[in-house]
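>
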Amino acid sequence: MDYFLSEEQQMIVDVARQITDELIIPQRAELDETEEFPADILRAIAQADLFGLYIPEEYGGFGGGSFDVVLALEQFGRGCVGIATAFAANALGAYPILISGSEEMKQKYLPAIASGEKYAAFALTEANAGSDASGIQTTAELDGDHWVLNGTKQWITNGGEANIYTVIAITDRAKGPRGATMFVVEDTDPGFSYGAKEKKLGIRASSTRELVFKDCRVPKDRVIGRIGTGFITVMRTLDLSRPGIAVLGVGLGQAALDEAASYAKQRVQFGKPIISFQAVQHMLADMAIQVEASRALVYATARHIDAHKTGVSKMSSMCKVMATDMAMKVTTDAVQILAGYGYMREYPVEKMMRDAKILQIYEGTNQIQRNVIGQEINKEYSKK
Amino acid sequence: MLKIDLEACIGCGVCESNCAFGAITMEDGHPVVNEKCTLCGTCVDNCEVEALSIEREAKANQADLAAWSGVWVFAEFRNGRLAPVALELLGAGRGLADTRQVKLAAVLLGNDLGEAANELIAHGADTVFQVDDPALAHFTDDAYGNVLADLIREHKPEIVLAGATAIGRSVIPRVATMMGAGLTADCTNLAIRDEDGALLQTRPAFGGNIMATIVCPDTRPQMATVRPLVMKPLARDASRQGEVVAVTPVAERLKSRVKVLESVLTESEQANITESDVVVAGGRGLDGDKGMALVSELADALDGAVGASRAAVDSGWISYHHQVGQTGKTVAPKLYIACGISGAIQHVIGMQSAETIVAINKDPHAPIFDVATYGVVGDVFEILPKLTAKMKERKGQ
Amino acid sequence: MKIFVCVKQVPDAKDVRLDPKTNTLAREGVQSIMNPYDRHALEEAVRLKEAHGGTVTVLSMGPPQAEATLREAISCGADEMVLVSDRAFAGADTWATTYTLSMAIRKMGGADLILCGKQAIDGDTAQVGPGLAERMDIPCVTYVRKVVAVADGAIRVERMMDDGYDLVEASLPALLTVVKEINEPRIPSLKGKMKAKKQQLVMLSAADIEADSEQLGLKGSPTQVVKVFAPEMRGDRAMIEGSVDEQVAQLAAKLETIL
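Protein chains in written order, with this note's numbering: chain A, 1 to 384; chain B, 1 to 397; chain C, 1 to 259.
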């Protein structure tokens, strides 16, 4: 189908596709097995100028928008959601600086992230604060010229691999939603440490770790934006990153559909390739419809975000819900179509099914997303 | 150039459909030839009304062909021994020299050559031009090239053959360029054309998907490189007589702009595949290192070497030293067992001279079966372990 | 360092077939690609430029469509591209090709280092590298699998031999032909692709390189193709049937008699 991409956008797709076909797909099974961080692949992505796609040119990036990032991530997601997540998490970690950081802060951190020299990570989630982000308990206290952070962050993607962490901590509990602030913590800061790598159902190539702040001292200039604006920065970060996550679902769904359709053409039972059976054809048809529809919604959302900076929450949540629920269903169906073979680790679809689950959970569970969408609808229709 | 007799032409289009290079298109009922034409003459041969002919321009600087006489073999000598291909080429060269009723000579360059010249005579050379000098102890393309070219200019052999080895493929194109001579690489067949005594050189192209026969009508010497194990040496005859001519080049010609600092011989983990009587080879059908391990085990049980198709090497399951085929080694063992190898021509070119070829593949239509002596349609993962066990049993292990 | 890389646009050789009945090369649907070995040569040239400074110019002798391959080379780090193209070059064998390439390099002001892939996958002769070195009157080292150092007007490399490898040093200017083991070619970068799109192609005709027409193309080729045919494949095709155990038993018996 013709997506009316510009020449430049097509180049992004071509480069990302080549990386996916030549580097990601050949290594994905092994990295899933060894749970090793894909440093070589991230290096290749950086060399191909894709690492800083979303970072403005003046900070060494490509100066692209959400749609450009979406185009690249779709290809990577087609290859391996784990590896793609390891890459995408850098954007998540960088967005707070991009959105709210001072000029000095941007100059200091963004070029190294754009070049892939340093990795970034976003630290929000805690043991008692998942969907209820306001329940975070990590604190930051001013001590002379430094802020001192105390607390533990849980399940942080790129934890232990990143050099730059954008962390949210409570600075004044009395102020409620205005009582949190985002900080940049560097891996060399005193009092910062991280735990062992978590063992996960899927996206095993992505490193997930606990971060521990124990009297972690950071200089005052590490505050991102103004004190008390932490939750606002978080919300805006997640608005921007959701289409990226959504498109991982699109890429994943496409990959699963491709595997299922190719297999159905080759597998002969009862004297015919199984694709000749209506039951299988209908499954494939539904899969194809859902993949294409999700893609259309994600593309439209990304283009909308590039054109309109605010009022994007509803669209952003919608595309995330649709594409990730789709990916779970499509990958499960793909395993079903490959049947016994699909269950075997030798074939790529069981990994795709395992990888799909997290897409419905992280970056805001799909239940929370529906809350957001519902609330936005409520607001919209109040005006009418 | 290709000449078309428009009056004789009946517009049948046979020439267009027979042109391997797509150089002819039928327009308005007669052929039009474009720049892809190589003057191979296939269309001329196929035209039933003889409407096509080739007119070759007489070259401005025609060599006086009759002055060039004799068949030469560049005898590669490295690390103290003659390369086996040198003896194979003497075998082929003897046949060509006898047909042309001329002498067969070998050119031997190196240092501390010992008895090598006598070995060459025992394998068919009438004359050996020997250059024994420390400057030639290691191969460098300019020193070796200059010495060889000087000898060729002096003695004017009509044919020069060399092995398509690392050395041969490096020095011979250099010499051909110095001489303005035509050179054909990796020949699989050499013969003399009846009409004019020219050398017919046949070689594969397009990765082996087509075979081409080439001649050098106007230039001398006619040069060709041949892969090891394609030709057969004569039986060694210590009583053969021949002349060893020691040649001392001028110092200037022995100079080189390349210094060989170190020469490292690598031990391969298993027997050198080109020297083994038995080769068991694995291809794409083995699906990974574990599959290749099954191939290794069978090779061990048969005291053979492990070979591989390009697919297996490119996938990283085994190193390049084991690669058999157009871009790898040529082998001619007693027994070649191809496991999970489809039999693409590029691979077959490297092993088709094996005495017995066994193919194991789950695809009954795999082209490998077309060259196989024995074919087994089956799953390598089932067959190999059982076959290995059986062969070990019979070996009494 | 002024580095030239000779690249060739070739059909993806594994897809080219000769139909034995019609004796025609079936070329439909066959992709044109950069000769794989040339990709490695280009990558090595770009790495040398990044380490030692200088420029990388890619050069190709071919039809106008070879421009796509040259642009691909720019997207992978080459600085300049030159296409030497003329109807007069058609049908050239390696003698005429090396003549043409050497005239083009001279026209472009010469090179400190020339890199070539070990062979082209359509012709498979591996003759252009050494032949071009002779035309340029420079030393040639073939089958290079590693560049060890560049210093004091010389280049030190490891060249693969049939039984191991040699460590050699050649004075510059020199020509190297490289094997796949030398490096892992980079994927074109986004900036590279954008540069490639805008880059000016230098196109040279036979007249531009002041070539002697007698030495060009088919006319200038000492070798001539006189016959083209599909390779014959003859095997006995004695198929061994039965269950896995039966097949193994029969095969083992046959192997016994052979060994």
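A virtual CB, placed ideally from N, CA and C, is assigned to each residue, including glycine.
Rounded to a whole number of angstroms, what is the C-alpha to C-alpha distance between valine 56 of chain C and arginine 39 of chain C?
13 Å
> Using 10 angstroms around the beta-carbon of valine 49 of chain B, count the other beta-carbons present and answer buried if the total reaches 16, otherwise exposed.
Counting the other Cβ atoms within 10 Å of the Cβ of valine 49 of chain B gives fewer than 16, which makes it exposed.
> What are the start and end residues of the alpha helix (DSSP H) that includes methionine 1 of chain C?
Per DSSP, methionine 1 of chain C belongs to no alpha helix (DSSP H) and is neither H nor E.
> Where do the ends of the alpha helix (DSSP H) carrying threonine 318 of chain A lie?
A small correction: the amino acid at residue 318 of chain A is methionine; threonine does not occupy that position in the sequence shown. Unbroken alpha helix (DSSP H) run through methionine 318 of chain A: 313–343.
> How many whole angstroms separate the CB atoms of glycine 151 of chain A and glutamine 137 of chain A, which I take to be in contact at a CB cut-off of 8 Å?
6 Å
> By alpha-carbon positions, which one of B/Arg78, B/Asn46, B/Leu200 and B/Ala312 ends up nearest to glycine 285 of chain B?
Measuring C-alpha to C-alpha distances from glycine 285 of chain B to each of B/Arg78, B/Asn46, B/Leu200 and B/Ala312 identifies B/Ala312 as the nearest.
> Tell me the DSSP secondary structure of glycine 131 of chain C in three-state form.
The answer is helix: DSSP assigns glycine 131 of chain C an H, G or I state.
> Does the CB of phenylalanine 67 of chain A have a neighbour CB from chain C at under 8 Å?
No, phenylalanine 67 of chain A lies away from the interface with chain C (no Cβ there is under 8 Å from its Cβ).
> So, do the region 175–191 of chain C and the region 142–157 of chain C have three or more beta carbon pairs nearer to each other than 8 Å?
Yes: the two stretches touch, three or more of their Cβ pairs being nearer than 8 Å.
> Where does the unbroken alpha helix (DSSP H) through asparagine 150 of chain A begin, and where does it stop?
Note, asparagine 150 of chain A: premise wrong, no alpha helix (DSSP H); beta strand (DSSP E) at 146–157.
> Could you confirm whether any beta carbon from chain C is found closer than 8 Å to the beta carbon of glycine 180 of chain B?
yes
> Quick check on isoleucine 187 of chain C - is its C-beta less than 8 Å from some C-beta in chain A?
yes
> Just grab the DSSP bridge partners of aspartate 141 of chain B for me.
Beta-bridge pairing links aspartate 141 of chain B to no other residue.
> Kindly provide the ranges of any beta strand (DSSP E) runs that are 3 or more residues long and lie completely inside the region 174–223 of chain C, ordered along the chain.
174–178 and 202–204
> Are any of the Cβ atoms in chain B nearer than 8 Å to that of lysine 254 of chain C?
yes
> Identify every residue that forms a DSSP beta bridge with lysine 329 of chain B.
In DSSP, lysine 329 of chain B forms a bridge with B/Val324.
> Counting only Cβ-Cβ distances shorter than 9 Å, please list the residues of the region 192–204 of chain C near chain A, keeping chain order.
Gly192, Lys193, Met194 and Lys197
> Of all the CB atoms in chain C, is at least one closer than 8 Å to the CB of valine 13 of chain A?
Chain C, which has no Cβ nearer than 8 Å to the Cβ of valine 13 of chain A, makes this no.
> Can you tell me where the beta strand (DSSP E) holding glutamate 72 of chain B begins and where it ends?
Residue 72 of chain B is actually tryptophan in this sequence, not glutamate. Start and end: 71–75.
> Along the beta strand (DSSP E) that carries arginine 209 of chain A, what are the first and last residues, could you check?
208–219
> Could you check which residue in C/Ser205, C/Asp124 and C/Ile121 has the C-alpha nearest to that of methionine 61 of chain C?
Nearest C-alpha to methionine 61 of chain C: C/Ser205.
> Find the residues of chain C that neighbour serine 170 of chain B, judging by a C-beta separation of less than 9 Å, and give them in chain order.
Ala126, Gly129, Pro130, Cys140, Val141, Thr142, Tyr143, Arg159 and Thr177
> According to DSSP, is alanine 29 of chain A helix, strand or coil?
helix
> Given a cut-off of 8 Å, decide if proline 173 of chain C and valine 258 of chain B are closer than it, judged by their beta-carbon atoms.
no
> Is the beta carbon of alanine 143 of chain B closer than 8 Å to that of leucine 254 of chain B?
yes
> DSSP puts valine 228 of chain C in a beta bridge; with which residues?
B/Ala212
> When you compare the CB of leucine 190 of chain C with every CB in chain A, is at least one pair closer than 8 Å?
yes
> For the region 5–51 of chain B, which segments carrying the beta strand (DSSP E) assignment without a break, of at least 3 residues, lie completely within its bounds, in sequence order?
24–27 and 30–33
> Work out the CA separation of glutamine 10 of chain A and methionine 1 of chain A for me, nearest whole Å.
14 Å
> When the Cα of glutamate 72 of chain C is compared with those of C/Leu115, C/Gly109 and C/Lys198, which residue comes out closest?
C/Lys198
> With a threshold of 8 Å between beta-carbons, can glycine 62 of chain C be considered close to chain B, or not?
no
> For tyrosine 119 of chain A, name the three-state secondary structure that DSSP assigns.
coil
> If asparagine 163 of chain A sits next to lysine 214 of chain A, beta carbons under 8 Å apart, how far is it from one beta carbon to the other, in whole angstroms?
Wrong, their Cβ atoms sit about 19 Å apart, outside the cutoff.
> Using beta carbons (cut-off 8 Å, strictly below), is glutamine 47 of chain A in contact with chain C?
Closer than 8 Å: yes.
> Given that glutamine 9 of chain A touches chain D, what residues does it touch there, using C-beta distances under 8 Å?
Looking for chain D here will not work: the only protein chains present are A, B and C.
> For aspartate 141 of chain B, count neighbouring Cβ atoms within 10 angstroms of its own Cβ and tell me buried if that reaches 16, exposed if not.
Aspartate 141 of chain B comes out buried.
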